[in-house]
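Residue numbers (our numbering): 451 to 581. Ideal Cβ positions, reconstructed from N, Cα and C, are used throughout, including at glycine. From a predicted model like this one, the values you see are computed outputs, not experimental measurements. I have placed the structure first, in the form of structure tokens, so that the comments after it can refer back to it.
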């Protein structure tokens, strides 16, 4: 069984590598800027309002922040990927953290052909369109 742990500074480049794998897997429209991504991951790791969890072959990263319409905290997943079947374990770690931090909602994204997350209690609230 995969072991989920909070990422540290020593894990940043490995997370960046997995973010490149994620982009390829979902055919993301924006190339990964490794330096920017490494700084962003480092910032999440150092932030009181952000976190990154990893396994041997997966990660989930997110932040808790208010929205433009409400000060209520929302946990927003910024990246989630697994090649070692640890995706659900990573999601559960993120959900637990969000609950502990008082998040009123958890916001996840998938690729256009991504998983149906309704079986885990989620519903589609928005769609992202890019040009």
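Subject >> Close Cβ partners of residue 461 (< 6 Å) along its chain, the five nearest in sequence each way excluded >> reply: Once the five neighbours on either side are set aside, the close Cβ partners of residue 461 are 504.
Subject >> residue 570 versus residue 545: straight-line alpha-carbon distance, rounded >> reply: When rounded, the distance between both Cα atoms is 11 Å.
Subject >> Buried versus exposed, by CB contacts within 10 Å (16 or more), residue 457 >> reply: Classification of residue 457: buried, given that the 10 Å Cβ count is 16 or more.
**OP:** Indicate whether residue 555 and residue 510 have their beta-carbon atoms separated by less than 8 Å.
**Re:** In this structure, residue 510 does not lie closer than 8 Å to residue 555 by Cβ.
Subject >> Of the listed residues 559, 452, 500, 566, nearest to residue 473 (C-alpha basis) >> reply: Taking only the C-alpha atoms, the option nearest residue 473 is 559.
Subject >> Classification of residue 580 by the beta-carbon crowding that lies within 10 angstroms, buried from 16 upward >> reply: Exposed, by the Cβ-count rule.
Original post:
With respect to the alpha helix (DSSP H) encompassing residue 546, which residues constitute its N-terminal and C-terminal limits?
Top reply: Segment 537 to 550, the alpha helix (DSSP H) holding residue 546.
Original post:
Less than 8 Å separating the beta-carbons of residue 551 and residue 521?
Top reply: No, the Cβ-Cβ distance between residue 551 and residue 521 is not below 8 Å.
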